[in-house]
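Down below is the structure, laid out as structure tokens.
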Amino acid sequence: MGISRTLSVAEALPRLPELHVVDVRTPGEFASGRLPGAVNVPLDRIDDSLADLRHTAETGPLLLVCASGTRSGKGAEVLASHGIAAASLSGGTRAWADAGHGLEYPPGPVRAVWGMERQVRFTAGALVLLGLVLGLLVHPAFQLLSAAIAGGLVFSALTDTCGMAVVLGRLPFNRRGPAPLG
Numbered sequence: 001m002g003i004s005r006t007l008s009v010a011e012a013l014p015r016l017p018e019l020h021v022v023d024v025r026t027p028g029e030f031a032s033g034r035l036p037g038a039v040n041v042p043l044d045r046i047d048d049s050l051a052d053l054r055h056t057a058e059t060g061p062l063l064l065v066c067a068s069g070t071r072s073g074k075g076a077e078v079l080a081s082h083g084i085a086a087a088s089l090s091g092g093t094r095a096w097a098d099a100g101h102g103l104e105y106p107p108g109p110v111r112a113v114w115g116m117e118r119q120v121r122f123t124a125g126a127l128v129l130l131g132l133v134l135g136l137l138v139h140p141a142f143q144l145l146s147a148a149i150a151g152g153l154v155f156s157a158l159t160d161t162c163g164m165a166v167v168l169g170r171l172p173f174n175r176r177g178p179a180p181l182g
């Protein structure tokens, strides 16, 4: 295939015309700015798209992209476990934009959608506050909600997974139809 497991922005830029760019962020994040020519296959739909991705990989190298490189790295691992070679863009769309390269946007007004990490931080913080307030005003047992969220965040950090992101990814503003693979 001739493509490494991870590509830096400097390595990906000259190869962009030959790469099939697959953005594994949620559709809402994808609509907030993407690499030129990218198609959207959310990470939680990779398994459902294996046949299309395998066919696309036969016509040229796959480059998986997300906001920071974490989800695209996981996506590349999933594809590799199914015999499909793919690279991940190191630093994701943030690194791409920080390097001064443009992003594409959908036609029409762009509706701002927070990135998944920001959605998780907001939701976790709101649930912790809710548990504390209800614990003070209603019953101390509600403080267990705050403890559960804290435990979930620790588990998320230790396992590099995030159940809250999976749940939030299923909300309507994060679930638009993926772009067809080209």
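Going by UniProt numbering, the residue at position 62 of the sequence shown is 62; the numbering climbs one at a time, nothing skipped.
Positions of the beta carbon are idealized from the N, C-alpha and C atoms, including for glycine.
Alpha-carbon spacing of L168 relative to P17, whole angstroms: 33 Å
Put P178 into one of helix, strand or coil per three-state DSSP. For P178, the pLDDT reaches just 49, beneath the cut-off of 50, and the residue's location in the model is therefore unreliable, leaving the point undetermined.
Roughly how many whole angstroms lie between the Cα atoms of G83 and N40? 21 Å
Could you pull the start and end residues of the alpha helix (DSSP H) that L16 belongs to? No alpha helix (DSSP H) holds L16; DSSP gives it neither H nor E.
Let me check understanding here. Comparing Cα to Cα, which of A67, A148, W114 and L132 lies closest to V9? A67
Could you tell me the distance, in whole angstroms, from the CA atom of D47 to the CA atom of L137? 45 Å
Please tell me whether T59 and P42 are closer than 8 Å, where the distance is taken between their beta carbons. no
Does DSSP classify T26 as helix, strand or coil? coil
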